[in-house]
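The UniProt record's numbering numbers the first residue of the sequence shown as 1 and each following residue consecutively.
We put the CB at the ideal spot given by N, CA and C, even for glycine.
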Amino acid sequence: MGSLAEATMTATAAAEASPAVTSPVGGGRKPRLLCLHGFRTSGDIMRTQVVGKWPGAVTARLDLVFADAPFPAEGKSDVDGIFPPPYYEWFQFDKEFMEYRNFEECLKYIEDLMIRDGPFDGLMGFSQGAILSAALPGLQEKGLALTKVPKLKYVIIIGGAKFKSPTVAENAYSSKIKCHSLHFLGETDFLRTHGEALLEEFVDPVVIRHPKGHTVPRLDDKSLVIMLDFLEKIEKDLRKDAILDEEHREEYKC
1 MGSLAEATMT
11 ATAAAEASPA
21 VTSPVGGGRK
31 PRLLCLHGFR
41 TSGDIMRTQV
51 VGKWPGAVTA
61 RLDLVFADAP
71 FPAEGKSDVD
81 GIFPPPYYEW
91 FQFDKEFMEY
101 RNFEECLKYI
111 EDLMIRDGPF
121 DGLMGFSQGA
131 ILSAALPGLQ
141 EKGLALTKVP
151 KLKYVIIIGG
161 AKFKSPTVAE
171 NAYSSKIKCH
181 SLHFLGETDF
191 LRTHGEALLE
201 EFVDPVVIRH
211 PKGHTVPRLD
221 DKSLVIMLDF
231 LEKIEKDLRK
241 DAILDEEHRE
251 EYKC
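What follows is the structure in structure tokens.
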């Protein structure tokens, strides 16, 4: 299992290498999201996928932390030859995606990351990381995961799907997920129908559809408008929360 120090090393390097960025529209802090990469890739690979494809108008308004999964890849990576190793996986699963190994260890690892590098406002995930990111708000609501960190408020799901295990699914999706969510669905993504089914588990999900497959897509004009509108709503929420926190502090002083 990888160490927590190794897990966010790529994020630190990215922050040091990035130029100064603008503040969110209207001032205030940027939404801080923990980013969970795809199966047998890495935090550094996801950083390249996101920062390399999305415009600064989007990435400059987000505080993104890219973490490596806890377990080294146990088999060949689909990105071998495209992106350099090392590669990691969040947990292991059978061919039917019904049984999982190291799942509880994965949840504990993510919580430890969020304690050490948080607080976080939400999650952004791709592929296996998206499946986790979409399920964690429901598991947290049930008190089955992330019990030591603040409630997740926002998720960005890229190429996601639902857990098929009846036990995990019952706990994660037993009630509609109220967490604000943005979902990317690719027209030729092999998980597209599963991503469509996932939408039904969320209250008022925002959707970006693109013509590509199982990938982090570039943002066309229409997608960019949807993304920026989603970010503006998040920023407005955070400003409201900051005002309420300040009012509570003033009341406490009195």
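Helix, strand or coil for Asp89? Go by DSSP, reduced to three states.
What sits at residue 89 in the sequence shown is Glu, not Asp. Three-state DSSP puts Glu89 in a strand.
What is the DSSP secondary structure of Pro72, counted as helix, strand or coil?
strand
How is the alpha helix (DSSP H) around His183 delimited, first residue to last?
Looking at the DSSP string, His183 is not in any alpha helix (DSSP H); the run it does join, the beta strand (DSSP E), is His180 to Gly186.
May I ask you to report which of helix, strand or coil DSSP gives Gly122?
strand
Which of helix, strand or coil does DSSP assign to Thr193?
helix
Identify whether Ile45 lies in helix, strand or coil by the three-state DSSP scheme.
helix
So the alpha helix (DSSP H) Asp220 belongs to, where does it begin and stop?
No alpha helix (DSSP H) contains Asp220, which DSSP labels as neither H nor E.
Is it true that the CB of Leu36 sits closer than 7 Å to the CB of Ser133?
yes
Backbone secondary structure at Asp80 - three-state DSSP:
strand
Taking just the CA atoms, how far does Ala145 sit from Ile177?
15 Å
What three-state label does DSSP hand Asp204 in the structure shown?
coil
Taking C-alpha atoms, which residue in Cys106, Thr167, Pro150 and Val51 lies nearest to Arg218?
Val51
Does the count of Cβ pairs from the stretch 72-82 and the stretch 97-111 closer than 8 Å reach three?
no
Please report the straight-line C-alpha distance between Pro211 and Phe126, rounded to a whole angstrom.
17 Å
DSSP state of Val58, grouped into three classes?
helix
Can you check whether the CB of Ala135 is closer than 7 Å to the CB of Ala172?
yes
In the DSSP assignment, what residue or residues form a beta bridge with His210?
Gly186
Nearest residue (CA-CA) to Ala57, options Phe39, Asp204, Ser223 and Ile131:
Ser223
Can you tell which of Phe93, Asp189, Ser42 and His183 has its C-alpha closest to the C-alpha of Ile156?
His183
For Arg32, list the residues DSSP reports as bridge partners.
Asp63
Could you compute how far the alpha carbon of Glu201 sits from the alpha carbon of Pro31?
23 Å
Close beta carbons around residue 304, own chain, < 7 Å, minus the five adjacent residues each side
With the chain running from 1 to 254 in the structure shown, residue 304 is simply not present.
Residue range of the unbroken beta strand (DSSP E) whose run includes Val168:
Val168 -> not in any beta strand (DSSP E); alpha helix (DSSP H) instead, spanning Pro166 to Tyr173.
Val225 versus Val206: straight-line alpha-carbon distance, rounded:
12 Å
Taking 6 Å as the limit between beta carbons, can you name the residues of its chain near Glu187, skipping five residues before and five after?
Pro211
Identify whether Arg239 lies in helix, strand or coil by the three-state DSSP scheme.
helix
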